[in-house]
Amino acid sequence: MGKYITSIVYAVAVILLAACGSPSSGTSGNGKWQSFSGDKRIEQRVDSVLKLMTLEEKIGQMTQFSANWSITGPVMSDDFQPYLEKGLIGSIFNATSVEGIRRMQQIAVEETRLGIPILFGQDVIHGYKTIFPIPLAEACSWDLEMMQRTAEIAAIEAASDGINWTFAPMVDIGRDARWGRVMEGAGEDPYLGSKVAEARVLGFQGGRDVNSLRELTTLLATGKHLAAYGAAESGRDYNTAELSEHTLRNVYLPPYRAAHEAGVGTFMASFNEINGVPATADQWLMTEVLRNEWGFKGFVVSDYTGVNELVPHGVAKDEKHAAELAVNAGIDMDMTGATFIKHLTESVKEGKVSEKSIDTAVRRILEMKFLLGLFDDPYRYLDEERAKQNTMTPEFMKTARKAVSSSVVLLKNDNQVLPVTKESGKTVALIGPLMNDSINLNGEWAGLGDRNKSVPILKGLTEKYEGSTVRLIYAEGASITETTPAKIAEAVAAARRADIVVAAMGEDFNWSGEAAVRTDIRLPEPQRELLRALKETGKPVVLVTLSGRPLDLSWEDETMDAILQAWFPGTQGGYGIADVIAGDYNPSGRLVMSFPRNVGQIPIYYNQKNTGRPVDLNNESVDYKSNYLDTSITPLYPFGYGLSYTTFEISNAQIDKKTLKTEDDKITVTANVRNAGEVDGEIVVQLYTRQLVASVTRPVKELKGFQKVALQAGKSKQVTFELASGDLAFYGIDMQKKTEPGNMKLWVAQHAADNSNEIDFWIE
Ligand code: BGC
């Protein structure tokens, strides 16, 4: 009891000091620390706490543990309770529920010597309780405002449940569909990836103003995983990334940088190595690039046991060495590995790590706690009533439903078999393992989303057509991995009685996400067997695919009448998909990753290099060209592609001048867009450029702008893009980012393989 009283006295002193700032403080005490907020008063408050701390307590702030309620890694660190009781924890993640979090916060604040509040983290990736479509799907909406809003809603729900910090957005470029984590990102393009990164950071953090972190509706965000985790060789998770500094800077780093420029408060180091150096030990990346070049002032957390893994990587001889390498590289917090708390005190005593760098890391962490208001009131996020009120509200459901319909991509629609309108009078056979499924809909990384609450497609369609002229018959036909002759026969019988078949097929949600890599990305054979049997009935078959990655749909593209790529759509999945199938929402999604013809084409992406022996796409089989003997070099469906129930035309693309200076100049691009069909719809107008000659080879196309335009049937609109000199800058032979003179082309296009509106221009 005596211990507690003493602790409470100290703790109260810390909160008071922290609230007022110590009169004698005022400088950071470390020339190197520049605060994230730039707020002198907060700097003083941080210093007032820092000077009370022992070395061990400081290192405690750099330590994060998982509350064990959900485990994403192979190794759990020692039980964290003793550390918590001694005030040696800076952050806990995976703790959920207001009640559980309150208990832990109470121990930290009321039962430890200094009473420093804990920062509670969580993977809030595509929703917390209201689950939105997986990020890869949402990116296909090309609707930045919508993505910002879904991040905002995720933040409102999570912050109401006591969470302060999300490990999102994941902004890794994904060029390899085998890699299961492509589901968490925004696809293959650095420009779009950067825009999405910005939207998501602004959504989570509540805007650009650091003070919005104080709001009870926002979360501190994390740009992850720095860097180039998506470049893992052969798509194997955690694998080596071997890439040039040009590719790193021109392709992989831009979205992280965009997250930084949007004001992200933290970064997470990636598991992988780049060119021989694991990110967690990469002083060049974490300090020279991130801090000195970009000016990032928040803090960096390792990934889950990422510090310990420096040992198997083979750059640290033991975990103490690993901790030293990490902290000296610029890692401020150790996620679950307990390497810092176990070893850094000794390392400082031995002079292997300076106390100054410890102080700097601790200041960065404490500052975030101040910005979140935790020092003013460590319990301010903890309110059961608020949690209830802010969970799965009708408004959140509405946004989620819209997010679903705007994320699905119509890949094929022969003879306009879709939509099946309510007035069509058709009988529809609803088939497939994912037709009456709710468990898979949320996809991986579905926060605390209740999988049983997600709306199955069957339910969505049943409610949609209720009271209409459409009749529905349901038969499962197969599970995700198995079928039987009897099940197929039942599905075929249903198909025979129908005018059209809609089959929901695809992956198990566990087949994408972390440590979920596939080398065969086709639909499982039992599902294809079922599709073959359905097709043999002679009825048109609409395939609705649910997956966490681009699949190899070559066979389906040849065989099916329509394909609707619906990803993992989340809580409102069935409703949003039904809106599209019935034509109440005209599909507007466009792919953000190329769909390969087969797994052998991977990695495949539109912004590839030309090579010295480029292929003539009109005659791909010419020998000694950069082609394949057994397939085309083109993807099955390119980046930016997606159909609508109407058709669009882009014409009369023009630029206001033919030459552009390398600096401080811009050209204006205009084009006419027309909805040439009979229903209203939305088109994503895409601006691509190519630099034909430069000091280093440049991609055959690069996205430089896009606009999602809604047009009523028969209506036209002029779209305008401004292309500034700086938009065409890249890291050239001298590794400096600048715009180089050269011959250029641009296209105003419907997708990356659309060359119709081509214009030449020059940079002088
Ligand atoms: C993942 C991170 C995640 C962390 C915490 C790791 O295994 O790579 O993306 O934030 O676990 O759950």
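Count along the sequence shown from 1, add 853, and you get the number used in this note's numbering.
The beta-carbon is built from N, C-alpha and C at its ideal position, and this holds for glycine as well.
For clarity, every value in this text was computed on a predicted model and none was experimentally measured.
- Nearest in C-alpha terms to Asp900, of all of Asp1469, Lys1222, Ser1474, Asn1528, is Lys1222.
- Closest in C-alpha terms to Asn1363, from the list Ala1386, Glu1177, Thr1336, Gly1401, comes Gly1401.
- Contact between the segment 1322 to 1329 and the segment 1411 to 1426 is absent, with fewer than three C-beta pairs closer than 8 Å.
- Linking Glu1343 to Gln1269 through their CA atoms gives a straight-line distance of about 27 Å.
- Lys1590 sits exposed, since fewer than 16 C-beta atoms from the chains shown fall within 10 Å of its C-beta.
- Remark: the shortest separation between the CB of His1166 and any heavy atom of the ligand BGC does not fall under 7 Å.
- In this structure, Phe1020 has its CB closer than 7 Å to one or more heavy atoms of the ligand BGC.
- In this structure, the beta-carbon distance from Ala1050 to Gly1027 does not fall below 8 Å.
- Excluding sequence positions up to five before and after His1099, its CB lies within less than 7 Å of the CB of Val1549, Tyr1584, all in the same chain and listed in chain order.
- Relative to the Cα of Asn1505, the nearest Cα in the group Lys1462, Ala1606, Val1601 belongs to Val1601.
- Excluding residues up to 5 positions away in sequence, Ala1074, Ala1112, Ala1115, Val1117 lie with their Cβ nearer than 6 Å to the Cβ of Val1054 in the same chain.
- The three-state secondary structure of Gln1425, taken from DSSP, is coil.
- Here the distance from the Cβ of Asp976 to the nearest heavy atom of the ligand BGC is below 7 Å.
- The straight-line gap separating the alpha-carbon atoms of Ala1179 and Lys1462 is approximately 35 Å.
- According to DSSP, Ser944 shares a beta bridge with Gln917, Leu972.
- Under the 10 Å beta carbon count, Ile1586 is surrounded by fewer than 16 other beta carbons and is classified as exposed.
- Pro970 and Leu1219 have their C-alpha atoms roughly 9 Å apart.
- For Leu1396, the three-state secondary structure derived from DSSP is strand.
- Taking one beta carbon from each stretch, the segment 1127 to 1138 and the segment 1064 to 1071 have fewer than 3 pairs nearer than 8 Å; the two do not touch.
- Take Lys1511, set aside five residues on each side of it, and the residues of its chain with a beta-carbon closer than 6 Å to its own are Phe1614, in chain order.
- In the structure shown, Gln1418 falls within a strand segment according to DSSP collapsed to helix, strand and coil.
- For Tyr981, the closest C-alpha among the options Phe1152, Met1188, Glu1297, Ser1441 is that of Glu1297.
- Bounds of the alpha helix (DSSP H) holding Asp1410 are 1407 to 1412.
- Tyr1477 is classed as exposed because its beta carbon has fewer than 16 other beta carbons within 10 Å across all chains shown.
- Relative to the ligand BGC, even the nearest heavy atom lies 7 Å or more away from the CB of Tyr1477.
- In this chain, the beta strand (DSSP E) harbouring Lys1570 covers 1569 to 1577.
- Apart from the 5 residues on each side of it in sequence, Ile1284 sits with its Cβ closer than 8 Å to the Cβ of Tyr1327, Ala1328, Glu1329, Gly1330, Ala1344, Ala1347, Ala1348, Val1354, Val1355, Ala1356, Ala1357, Leu1383, Leu1387 in its chain, given in chain order.
- The C-alpha of Ile1374 lies about 24 Å from the C-alpha of Ile978.
- In the assembly as shown, Met1023 is a buried residue. Its beta-carbon has 16 or more other beta-carbons within 10 Å.
- Assignment of His1166 by DSSP, reduced to helix, strand and coil, places it in the helix class.
- The residues Val1024, Gly1046, Ser1047, Ala1050, in chain order, have a CB closer than 6 Å to that of Pro1108 in the same chain once the five nearest residues on each side in sequence are set aside.
- By the Cβ neighbour-count rule, Ala1566 is exposed, with fewer than 16 other Cβ atoms within 10 Å of its own.
- Between the alpha carbons of Gly1151 and Gly1056 lies a gap of roughly 18 Å.
- Short of 6 Å from the beta carbon of Arg1217, and not among the five residues preceding or following it, lie these beta carbons of its own chain, in chain order: Phe1152, Asp1185.
- For the pair Gly1436 and Thr1274, the CB atoms are nearer than the 8 Å cut-off.
- Non-local C-beta neighbours of Ala1431 in its own chain, meaning closer than 6 Å and more than five positions away in sequence, comprise Gly1313, Leu1314, Lys1317, ordered along the chain.
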